[in-house]
Amino acid sequence: MKSATALAAVLLVGATASCSLVGGGDDNAKNNTQVVLVTHESFVLSKALQKSFEKQSGYDLVIRAAGDAGVLTNKLVLTKDDPTGDVAFGVDNTFASRALDEGVFAEHQPTVLDPVAAYELPGDDKHLLTPIDHGNVCVNVDDTWFAAHDLAEPRTLDDLTAPAYRNLFVLPGATTSSTGMAFLLATIAAYGKDWPAYWTDLMNNGAKLTAGWSDAYEVDFTQGGGSGDRPIVLSYDSSPAFTVKDGKSSTSALLDTCFEQIEYAGVLTGAANPTGAESFINFLASPEVQAALPDSMYVFPVDPDIELPHEWARFAKQPTHPYTVDPADISANRDAWLREWSDVTSR
4 MKSATALAAV
14 LLVGATASCS
24 LVGGGDDNAK
34 NNTQVVLVTH
44 ESFVLSKALQ
54 KSFEKQSGYD
64 LVIRAAGDAG
74 VLTNKLVLTK
84 DDPTGDVAFG
94 VDNTFASRAL
104 DEGVFAEHQP
114 TVLDPVAAYE
124 LPGDDKHLLT
134 PIDHGNVCVN
144 VDDTWFAAHD
154 LAEPRTLDDL
164 TAPAYRNLFV
174 LPGATTSSTG
184 MAFLLATIAA
194 YGKDWPAYWT
204 DLMNNGAKLT
214 AGWSDAYEVD
224 FTQGGGSGDR
234 PIVLSYDSSP
244 AFTVKDGKSS
254 TSALLDTCFE
264 QIEYAGVLTG
274 AANPTGAESF
284 INFLASPEVQ
294 AALPDSMYVF
304 PVDPDIELPH
314 EWARFAKQPT
324 HPYTVDPADI
334 SANRDAWLRE
344 WSDVTSR
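Mind the numbering: the sequence shown is residues 4 to 350 in our numbering, read in order.
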């Protein structure tokens with residue numbers, strides 16, 4: 004049974020996984036005995052799976068992790084002419100178009116699952132990025148708090164600006180968090196050119212911005228395992244599966260507020276070991292890793308044949324029609340949107 008405390012512990016493991024993880028690599032590759040993975044701080048791969056990859060591939064796995072998907076993308080762009088690894092995992096559909104525009108990823112020929120075509124990035128005609136997992140960024144609420152305060156829970160984006168929910172919502176910022184960026188895109192999809200007015204109303208209603216997801220969920224959210232005082236938080240559709248006690252979840256995801264998020268892996272341009280990078284991408288798409296994703300990284304596998312954990316089947320409900328924004332529009336407007344968002348939220 005997972006909890007917010009357990010979630011924090013897993014994130015800590017991911018954040019400290021920047022050291023070399025040495026296993027059963029052989030010497031037949033000489034200058035390419037390692038595969039260096041560049042990823043975000045929430046990446047978690049069990050030691051058993053690490054060793055499995057090393058045994059299957061003959062390479063030692065080195066993991067370099069820092070920041071979230073936004074920070075990861077920025078670092079990949081800044082180091083594109085001298086990459087710090089061979090393969091990257093964790094660039095998502097809110098940032099992927101920027102990475103492609105900057106030439107971060109190289110062509111490769113991984114053996115991928117047939118069903119992942121449904122999650123391929125629109126505009127990625129050369130298939131530089133391989134979908135690995137998916138989920139939705141959604142507003143979550145603390146059901147127990149609302150029951151105790153005899154207050155109806157919000158259901159929609161509009162509800163979050165209502166006076167009844169003043170000073171109750173906490174979320175990560177769009178410039179510092181991929182989760183926050185996803186929510187900004189949800190509001191753009193929902194309100195079109197009127198999205199700045201929505202954000203003005205949201206901030207005037209006391210919404211609190213944090214640097215990242217962990218600050219919002221683990222510190223300020225009332226079900227985050229600390230002493231938070233805000234019962235509405237931006238999180239994920241899978242989050243209620245990790246607040247289960249006695250067969251009941253204490254939180255709910257608001258499925259009318261969600262934005263679809265897909266994470267990708269790709270071979271870095273100029274990689275020292277592109278063959279090893281391809282091997283690792285194939286490994287991420289394998290059934291053994293796909294089956295581990297829900298419990299290790301709280302995301303849905305792209306392989307539809309993977310059986311989800313029992314509590315996911317009950318509590319990790321997914322939206323039928325999540326908000327989406329075309330990656331080409333994100334690429335063309337991201338900087339302008341973020342500048343305007345910063346202006347609106349800093350008033």
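Backbone N, C-alpha and C define an ideal beta-carbon position, used for all residues, glycine too.
Remember, it's a predicted structure, so these values are computed and weren't measured experimentally.
Check	Outcome
Once the 5 residues before and after PRO175 are set aside, which same chain residues still bring their CB inside 6 Å of it?	THR182, GLY183, THR213, GLY215, TRP216 and ALA219
Between the alpha carbons of SER55 and TYR239, how many angstroms are there, rounded?	29 Å
With LEU174 as the anchor, note down where its beta strand (DSSP E) starts and where it stops.	172–175
What did DSSP end up calling ARG342 once you bin it into helix, strand or coil?	helix
Rounded to the nearest angstrom, how far is the Cβ of GLY93 from that of GLU266, given a contact under 8 Å?	6 Å
Report yes if the CB atom of ILE66 is closer than 8 Å to the CB atom of ALA288, and no otherwise.	no
Relative to the alpha-carbon of THR246, which residue among PHE318, ASP308 and LEU187 has its alpha-carbon at the smallest distance?	PHE318
Contact between the stretch 61–81 and the stretch 275–289 is defined here as three or more beta-carbon pairs at a separation below 8 Å; is this criterion met?	yes
Please specify which runs of the beta strand (DSSP E), each continuous and at least 3 residues long, are wholly inside the stretch 83–130, giving them in chain order.	90–95
Do you know how far the Cα of GLY106 is from the Cα of LEU81?	11 Å
Taking 8 Å as the cut-off, does the stretch 250–267 touch the stretch 153–172 (at least 3 CB pairs, one atom from each stretch)?	yes
Pull the bridge partners of ASN139 from the DSSP assignment, please.	GLU263
Could you check where the alpha helix (DSSP H) with TYR194 kicks off and where it finishes?	181–194
Quick check on the DSSP output: what are the complete alpha helix (DSSP H) runs of length 4 or more inside the stretch 273–301, in order along the chain?	277–287 and 290–300
Ignore the nearest five residues each way along the sequence and tell me which others in THR203's own chain have a CB closer than 8 Å to its CB.	VAL347 and ARG350
Would you grab the beta carbon distance between PRO277 and ALA109 for me? Rounded to a whole angstrom, and I think it's under 8 Å.	7 Å
Do you know offhand how far ALA294's Cα is from ASP306's?	9 Å
Could you have a look at VAL222 and say whether DSSP puts it in helix, strand or coil?	helix
Pull up the distance between the alpha-carbon of PHE303 and that of GLU263, whole angstroms please.	11 Å
Going by the CB atoms, is the gap between PRO322 and GLY126 shorter than 8 Å?	no
With DSSP as the reference, please indicate the residues paired to GLN37 in a beta bridge.	ASP63
Given a threshold of 16 other Cβ atoms within 10 Å of its Cβ, counted over all protein chains shown, does LYS33 qualify as buried or as exposed?	The predicted model places LYS33 with a pLDDT of 40, which falls under 50 and marks its position as unreliable; any figure quoted below should be read in that light. Exposed, because fewer than 16 other Cβ atoms sit within 10 Å of the Cβ of LYS33.
Could you tell me whether the Cβ atoms of TRP148 and THR97 are closer together than 8 Å?	no
Is it buried or exposed for PRO166, if we count other Cβ within 10 angstroms and need 16 for buried?	exposed
Alpha carbon to alpha carbon, how far is ASN77 from LEU271?	14 Å
Taking DSSP's pairing of strands, which residues face THR42 in a bridge?	ALA68
If distances are taken between C-alpha atoms only, which option among ASP89, ALA210 and LEU205 comes closest to LEU171?	ALA210
Assuming ASP71 and SER180 form a contact by the criterion Cβ under 8 Å, report the distance between their Cβ atoms to the nearest whole angstrom.	6 Å
Using 10 angstroms around the beta-carbon of ASP89, count the other beta-carbons present and answer buried if the total reaches 16, otherwise exposed.	buried
Nearest to ASP232 by CA position, among LYS196, VAL173 and LEU40, is which residue?	VAL173
Please check the pair LEU163 and GLY269, which I expect to be a contact at CB under 8 Å, by giving their CB distance rounded to whole angstroms.	With 8 Å as the limit, LEU163 and GLY269 do not qualify as a contact, their Cβ atoms being about 35 Å apart.
Kindly identify the DSSP beta-bridge partner or partners of ARG233.	PHE224
Give the straight-line distance between the Cα atoms of LYS248 and LYS50, rounded to the nearest whole angstrom.	28 Å
Is it true that the CB of VAL74 sits closer than 8 Å to the CB of MET300?	no
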